[in-house]
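Undergrad: Right, I'll just put the structure down here and ask away after.
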Amino acid sequence: MTRVDAGLHLPRATGSSTWRPLLPLVGQSPEFFIDNPIDIRRAEFHSGGEQRISESQLLAWRRDLNDWAYDRGFPAPLNTERRSAWDVELGVRLLEDTQELPEAFHPDVWCWLATHLLPHFIVYRWGWPSSTNGE
Numbered sequence: 001m002t003r004v005d006a007g008l009h010l011p012r013a014t015g016s017s018t019w020r021p022l023l024p025l026v027g028q029s030p031e032f033f034i035d036n037p038i039d040i041r042r043a044e045f046h047s048g049g050e051q052r053i054s055e056s057q058l059l060a061w062r063r064d065l066n067d068w069a070y071d072r073g074f075p076a077p078l079n080t081e082r083r084s085a086w087d088v089e090l091g092v093r094l095l096e097d098t099q100e101l102p103e104a105f106h107p108d109v110w111c112w113l114a115t116h117l118l119p120h121f122i123v124y125r126w127g128w129p130s131s132t133n134g135e
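1 is the number that this note's numbering gives to position 1 of the sequence shown; each next residue is one higher, with no gaps.
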C-alpha cells in the first residue's frame, strides 16, 4: 500500500468552476479516463505548504489505488450492496493513505483529488449527472 508521505501538502480546488476540466469527459465510461493526465502547475496549495506533493507522486498514488481497485472488481457494475461496500472500502483506503497529512480533511483538497486525480472512481460510483448545464 502506498501512503502519501507525511508532511506533504496536496493541491486544492476552490470555486464553482472546479469541475470544468471534466466537461470533455462527460458521458465516457470510467475506464476511458482512468489515467487522465493531471497538471498541478495550476493547482492551489496552502500558502504555508513548503513541501508540496509532486505530480509524479500523485500519479504513483493513483496507479497504486487503481491496482487496489482492480483487485476489488473495478470496473464491474455496482449493485446497491456493492455500492455501499465500495464507499466504505475506498473511504478506508483513502483515510489510511492520507492519515499523516496536515490537510487530510480539507474539503478543497478532496475536491481537487476527486476532479483531477480520481474522477474515474467518482463516476464509477455515482455516474455522470443528468445535466451539466448549471453551475
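Cβ coordinates follow ideal geometry from the N, Cα and C atoms, glycine included.
1. If I follow the unbroken alpha helix (DSSP H) through Phe121, where does it start and stop?
2. Please determine if the region 71 to 81 and the region 6 to 26 are in contact, where contact requires at least 3 C-beta pairs separated by less than 8 Å.
3. Return the Cβ separation of Leu25 and Leu101 in integer angstroms, given the expectation that the two are a contact with Cβ distance under 8 Å.
4. Roughly how many whole angstroms lie between the Cα atoms of Asp108 and Leu94?
5. Could you tell me the distance, in whole angstroms, from the CA atom of Pro30 to the CA atom of Glu50?
6. Is His116 closer than 8 Å to Phe33 when the C-beta atoms are compared?
7. Throw me the rounded Cβ distance for the Arg12 and His106 pair, which I believe falls under 8 Å.
8. Quick check: what's the CA-CA separation for Glu89 versus Gly48?
TA: With the given structure in hand:
1. Here the question's residue 121 lines up with position 121 in the sequence shown. Run containing Phe121: 119 to 126, per the alpha helix (DSSP H) assignment.
2. no
3. As a working mapping, residue 25 is identified with position 25 in the sequence shown. As a working mapping, residue 101 is identified with position 101 in the sequence shown. Going by Cβ atoms, the distance from Leu25 to Leu101 rounds to 27 Å, so no, they are not a contact pair.
4. As a first step, residue 108 is located in the sequence shown; it is residue number 108 there, counting from the start. As a first step, residue 94 is located in the sequence shown; it is residue number 94 there, counting from the start. Approximately 15 Å, taken between the alpha carbons.
5. Along the sequence shown, one-based indexing puts residue 30 at 30. Along the sequence shown, one-based indexing puts residue 50 at 50. C-alpha separation (whole angstroms): 33 Å.
6. Here the question's residue 33 lines up with position 33 in the sequence shown. Here the question's residue 116 lines up with position 116 in the sequence shown. No, these two residues do not count as a Cβ contact at 8 Å.
7. Residue 12 sits at position 12 when you count from the first residue of the sequence shown. Residue 106 sits at position 106 when you count from the first residue of the sequence shown. The Cβ separation is near 7 Å, so the contact holds.
8. What you label residue 89 is simply residue 89 of the sequence shown in a count that begins at 1. What you label residue 48 is simply residue 48 of the sequence shown in a count that begins at 1. Looking at the two C-alpha atoms, the distance is approximately 32 Å.
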